[in-house]
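To start, the structure itself, in structure tokens.
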Amino acid sequence: MMRARRTRHQSLHHWSATLRRMLSPRTWVTRHAQVALESLGRLYRNPLATLMTAAVIGIALAMPASLYLLLNNLDRLSGSWDGQASLSVFLKDTVPGAVAGKLVDRVRGWPEVAEVTLVTPEQALEEFRQRSGFADVLDTLDENPLPTVLLVSPAQDHADPQSAAAMQNRLQALPETELAQLDLQWVQRLSAMLALAQRGVLLIGALLALAVLLVVGNTIRLEIQNRREEIVVTKLIGATDGFIRRPFLYSGTWYGIIGALLAWLLVETGFWLLSEPVRQLVELYQGSFQLQTLPFVLLLVLLAGGILLGLLGSWLAVWRHLGAIEPS
Amino acid sequence: MIRFDNVSKRYPGGFEALKNISLELESGAMAFITGHSGAGKSTLLKLIALIERTTRGQIHVNGQNVTNVNRRRIPFIRRKIGFIFQDHNLLFDRTVFDNVALPLIIAGYRHQEIGRRVRAALDKLGLLSKERMYPITLSGGEQQRVGIARAVVNKPLLLLADEPTGNLDPALSFEIMELFERFNQVGVTVLIASHDVGLLDRLGYPVITLDHGHLAGSGQQSS
Numbered sequence: 123m124m125r126a127r128r129t130r131h132q133s134l135h136h137w138s139a140t141l142r143r144m145l146s147p148r149t150w151v152t153r154h155a156q157v158a159l160e161s162l163g164r165l166y167r168n169p170l171a172t173l174m175t176a177a178v179i180g181i182a183l184a185m186p187a188s189l190y191l192l193l194n195n196l197d198r199l200s201g202s203w204d205g206q207a208s209l210s211v212f213l214k215d216t217v218p219g220a221v222a223g224k225l226v227d228r229v230r231g232w233p234e235v236a237e238v239t240l241v242t243p244e245q246a247l248e249e250f251r252q253r254s255g256f257a258d259v260l261d262t263l264d265e266n267p268l269p270t271v272l273l274v275s276p277a278q279d280h281a282d283p284q285s286a287a288a289m290q291n292r293l294q295a296l297p298e299t300e301l302a303q304l305d306l307q308w309v310q311r312l313s314a315m316l317a318l319a320q321r322g323v324l325l326i327g328a329l330l331a332l333a334v335l336l337v338v339g340n341t342i343r344l345e346i347q348n349r350r351e352e353i354v355v356t357k358l359i360g361a362t363d364g365f366i367r368r369p370f371l372y373s374g375t376w377y378g379i380i381g382a383l384l385a386w387l388l389v390e391t392g393f394w395l396l397s398e399p400v401r402q403l404v405e406l407y408q409g410s411f412q413l414q415t416l417p418f419v420l421l422l423v424l425l426a427g428g429i430l431l432g433l434l435g436s437w438l439a440v441w442r443h444l445g446a447i448e449p450s
Numbered sequence: 002m003i004r005f006d007n008v009s010k011r012y013p014g015g016f017e018a019l020k021n022i023s024l025e026l027e028s029g030a031m032a033f034i035t036g037h038s039g040a041g042k043s044t045l046l047k048l049i050a051l052i053e054r055t056t057r058g059q060i061h062v063n064g065q066n067v068t069n070v071n072r073r074r075i076p077f078i079r080r081k082i083g084f085i086f087q088d089h090n091l092l093f094d095r096t097v098f099d100n101v102a103l104p105l106i107i108a109g110y111r112h113q114e115i116g117r118r119v120r121a122a123l124d125k126l127g128l129l130s131k132e133r134m135y136p137i138t139l140s141g142g143e144q145q146r147v148g149i150a151r152a153v154v155n156k157p158l159l160l161l162a163d164e165p166t167g168n169l170d171p172a173l174s175f176e177i178m179e180l181f182e183r184f185n186q187v188g189v190t191v192l193i194a195s196h197d198v199g200l201l202d203r204l205g206y207p208v209i210t211l212d213h214g215h216l217a218g219s220g221q222q223s224s
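Quick mapping for you: the protein sequence lines, in order, are chains S and L. Under my numbering, think of the first position of the first sequence as 123, with each following residue one higher. Under my numbering, think of the first position of the second sequence as 2, with each following residue one higher.
This is the structure we're talking about:
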């Protein structure tokens, strides 16, 4: 009886001491920091294997990231185009030049209009003569068949298809207008194509994320197998599942971080290689377009994605394989 | 400290390693389990350390019924037991110090406390000069002492040893047994499985004899 009470007291004392030790925040943080560094050190000691795994993750992350950037740039490019030449207003033959001039001033005052350019029949004919190569044929005409045209660019916040269509109606309703034409179709087609491509990038991204998950999971599975003996011994001397799990989860996280940094490096290098040809191409079109490089936010997104996938992949491996290792 | 009530263990496949065993080991006692190989010595120790679970019967360790204890509580029960294995179960990719420190790291001790306790344990076992060495460079007897240091570093109330001298010559075996006696003298309960009958005779502690899973006798060994 006496003995039982004493041992119970001892065990109670032991438990409260253990509990205090485990709940001490400093111990908890240092322990996690230690395990994290240990896992990193383990990866560092096998640089080739680590780099190979991280490179697979890096490439898998770099692909959707660069596709996203490419689309982003295309989007900006199409945006800068549809602001320029979206509405052509052909005036009636009967409208005299002075009235057309006044009309330009009036339309320019509309809030949804950014710029109006007047193209007189003479200017249009001259331009046509120079560009088409039909100069001789044109000379045989006895009168100018071309109408006066207003080129109307919508303002930035009225460039979307609905506003542009509303503006087309308003312009069509003017008494001087013969025809107000909206070059909407190609803008719509391009934007539909971009939407499709964006969906495609999402799909590819999801598939590649799955690939990263499997790569990390498989790598961690191998590591678990390599350290099987160590796992058995630590279980025998009282390691909890959490203690055994922790280094593997940190390994997975490190793979994710290194992979994300590699992906960032790949995307940056790729865009740096593309920037010169793009500049030359844009110069040929007299444009002022500039290739947008990786924004800082995307680096954070890559890192977050890498960490998440690394952690999740190692969780899968640990969940699947660690439970099966028991001392016997 | 340890109480078995009608304990049986049947392994998957039908082999019955222990049949209806009842025994009690007082707190602070030291005893041996002996018997032919396959008699159930290891199984008995594994049941105490919850490496195997009982098929029938009840086991109490340190006043606690551990028979049906939840899987998640097992690590905390094992921390109060020092287990010594015949093949040492040391980790060969880390130093003697790190091997001995492992139970303390698992239990979440502070860095300074770990250093202090590990050195105290190594000192007790005469291994202080080898703390930076790797187990592979040590002799069999030294490796076993590292295993013992790891088992006692956490100051457990109970020491279990499965054939701790199985690979050692008689002189070294006796030395190891003396170490166990010293821990027993400071109040640690010690239970050792051994088939080395000659050694047990010389030491004169209570002996639990197993025969094909049955309790064949318990008491002072007599030749």
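All residues carry an ideal CB built from backbone N, CA and C; glycine is no exception.
Within the model, the alpha-carbon separation for Arg118 of chain L versus Leu388 of chain S is close to 50 Å. Annotation note: the region 211-255 of chain S contains the following uninterrupted beta strand (DSSP E) runs of length 3 or greater, listed N- to C-terminal: 235-241. The three-state secondary structure of Pro276 of chain S, taken from DSSP, is strand. Closest option to Gly199 of chain L, judged by alpha-carbon separation, among L:Phe175, L:His213, L:Arg80, L:Glu17: L:Phe175. With a cut-off of 8 Å on Cβ pairs, the region 157-164 of chain L is in contact with the region 184-199 of chain L, counting three or more such pairs. Judged by DSSP secondary structure, His61 of chain L falls within the beta strand (DSSP E) whose first and last residues are 57-62. Scanning its chain for C-beta atoms nearer than 8 Å, with the 5 sequence neighbours on each side dropped, one finds around Pro157 of chain L the residues Arg80, Lys81, Ile82, Gly83, Val189, in chain order.
Beta-bridge pairing by DSSP links Pro13 of chain L to no other residue. Neighbours of Ile49 of chain L in chain S, taken as residues whose beta carbon is under 8 Å from its own, are absent, since the nearest beta carbon is some 13 Å off. Considering only beta carbons, the part of the region 100-125 of chain L lying closer than 7 Å to chain S consists of Leu103, Pro104, Ile107, Ala108, Gly109, Tyr110, Arg111, in chain order. In this structure, the beta-carbon distance from Arg95 of chain L to Leu126 of chain L does not fall below 8 Å. With respect to the 8 Å criterion, Asn168 of chain L and Gln87 of chain L are classified as neighbours on the basis of their beta carbons. Here Glu298 of chain S is buried. Its C-beta has 16 or more other C-beta atoms within 10 Å. Contact residues of the region 356-382 of chain S toward chain L are Thr356, Leu358, Ile359, Gly360, Ala361, Thr362, Phe365 (C-beta to C-beta distance below 7 Å). With respect to chain L, the C-beta atom of Glu398 of chain S has no partner C-beta closer than 8 Å. No Cβ of chain L is located within less than 8 Å of the beta carbon of Pro169 of chain S. Per the coordinates, the alpha-carbon of Ala302 of chain S lies some 20 Å from the alpha-carbon of Leu247 of chain S.
Distances from the alpha-carbon of Ile380 of chain S to those of S:Pro169, S:Ile366, S:Asp279 put S:Pro169 closest. Pro369 of chain S is a Cβ neighbour of Ser161 of chain S, given a cutoff of 8 Å. Within 7 Å of the CB of Phe184 of chain L, no CB atom of chain S is found; the nearest one sits about 16 Å away. Within its own chain, the residues whose Cβ lies closer than 8 Å to the Cβ of Lys357 of chain S, once the five positions on either side in sequence are excluded, are Ile366, Ile447, Glu448, Pro449, listed in chain order. Of all residues in the region 434-448 of chain S, those with a C-beta nearer than 9 Å to a C-beta of chain L are Glu448, reading in chain order. Under the three-state reduction of DSSP, Thr299 of chain S is assigned to strand. In the DSSP secondary-structure assignment, Ile85 of chain L is bridged to L:Ala162. Not flagged as an interface residue toward chain S: Phe98 of chain L, since no C-beta distance is shorter than 8 Å.
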